[in-house]
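Remarks on the structure that follows.
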Amino acid sequence: MEKFEKKIEISYINYISSNSKRPNNINELIKSQEIEVDDSINLTNYSLITLENNIWNNTIHKAYHNASTDPNFGEYSIREKLLSFFFNYTVCLNQYDKFFTFSSNIHSLFELKEINDRRENIVDTVSPYFNQLIQEGLSSGEIEDRVFVQDYYINVMLTQFFLITKYWTEDSSNEKENTDEAVEKSVHLIMDLIGPNFADSAFQLAKFIFQK
1 MEKFEKKIEI SYINYISSNS KRPNNINELI KSQEIEVDDS INLTNYSLIT
51 LENNIWNNTI HKAYHNASTD PNFGEYSIRE KLLSFFFNYT VCLNQYDKFF
101 TFSSNIHSLF ELKEINDRRE NIVDTVSPYF NQLIQEGLSS GEIEDRVFVQ
151 DYYINVMLTQ FFLITKYWTE DSSNEKENTD EAVEKSVHLI MDLIGPNFAD
201 SAFQLAKFIF QK
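Residue 212 is where the sequence shown ends in full-length UniProt numbering, and the numbering goes up by one at each step.
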């Protein structure tokens, strides 16, 4: 079953990459890509929407896996871990650039709900990774523990995630090298927003003085 799911995902990617459109249904995909279907597989369990969402999910999981299995990942700062994740994410996008560019764009008003649902699906997939990094950063002091604001840290990271994805789809530079610079600037912005800064230091000093 797992082998079939992987095969049908690749076939879906290839179909869109070659035709710049989605197949009308799962049966058209199977027929056009000449996929052999075992009698034990129930095709009614598969939908194109779910298939496309799964491809995005698997890409995010792969990007984080590739980043976190680096032998030095455990020694990285939170800034470096974010950079590693985003760099690996764009590498994964580059692997199937035509598919992800097509999937990221709206081609019809009828797709608005699907796009919104996919966005929510992506948020659910990537949020645990960001939350893990936020907790690590709070523990290490790399991320400032600010009352009333801390809950918005995840939103900062998610916003940058979608901005990087959008920038990547529109990047016409050689091998999308400008996206690398966009990643660096985005991560530095994230850490500038959620990390300790002058105002935090001044507040902590004032708090210390007036407690005496």
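Ideal Cβ placement from N, Cα and C applies to all residues, glycine included.
Entirely enclosed alpha helix (DSSP H) segments - the segment 26 to 83, minimum 4 residues: 26 to 32 and 48 to 68
Cβ neighbour criterion (16 or more within 10 Å) applied to aspartate 192: exposed
Straight-line Cα distance separating isoleucine 60 from asparagine 53: 11 Å
C-beta contact flag for valine 183 and phenylalanine 161 at 8 Å: no
Distance CB(phenylalanine 73)-CB(valine 187) smaller than 8 Å: no
Closest by C-alpha distance to methionine 157, when choosing among Phe110, Ile194, Tyr12 and Glu28: Ile194
Residue range of the unbroken alpha helix (DSSP H) whose run includes isoleucine 134: 112 to 140
Asparagine 88 classed as buried or exposed, judged by whether at least 16 other C-beta atoms fall within 10 angstroms: Looking at its Cβ environment, which holds 16 or more other Cβ atoms inside 10 Å, asparagine 88 is buried.
Tryptophan 168 vs arginine 118 beta-carbon contact at 8 Å: no
Whole-angstrom C-beta distance between tyrosine 76 and tyrosine 129, which should lie under 8 Å: Actually they are not in contact, since the Cβ atoms of tyrosine 129 and tyrosine 76 sit about 14 Å apart, beyond 8 Å.
Selected residue, minimal CA-CA separation from isoleucine 154, among Asp124, Val37, Ile49 and Tyr15: Of the listed residues, the one whose Cα sits closest to isoleucine 154 is Asp124.
Exposure of threonine 50, with buried meaning 16 or more beta-carbon neighbours within 10 Å: exposed
Backbone CA spacing between leucine 82 and leucine 189 [nearest angstrom]: 11 Å
Of the listed residues Ile16, Asn105 and Ile35, nearest to lysine 3 (C-alpha basis): Ile35
Other residues of its chain near threonine 165: CB distance less than 7 Å, five sequence neighbours each side excluded: Ser104
Cut-off 6 Å between Cβ atoms - residues of its own chain near proline 196, not counting five sequence neighbours on either side: Glu144
Backbone CA spacing between arginine 22 and leucine 93 [nearest angstrom]: The straight-line gap from Cα to Cα measures roughly 18 Å.
Where the alpha helix (DSSP H) containing leucine 109 begins and where it ends: Leucine 109 -> no alpha helix (DSSP H), and no H or E assigned at all.
Span of the alpha helix (DSSP H), counted from its first residue to its last, around asparagine 155: 153 to 170
Cutoff 7 Å; reference leucine 133; Cβ partners in own chain excluding five residues on either side: Residues of the same chain with a CB within less than 7 Å of the CB of leucine 133, apart from the 5 flanking positions on each side, are Ile78, Lys81 and Leu82 in chain order.
When Lys6, Ile16 and Ser84 are compared against phenylalanine 102, the one with the closest alpha-carbon: Ile16
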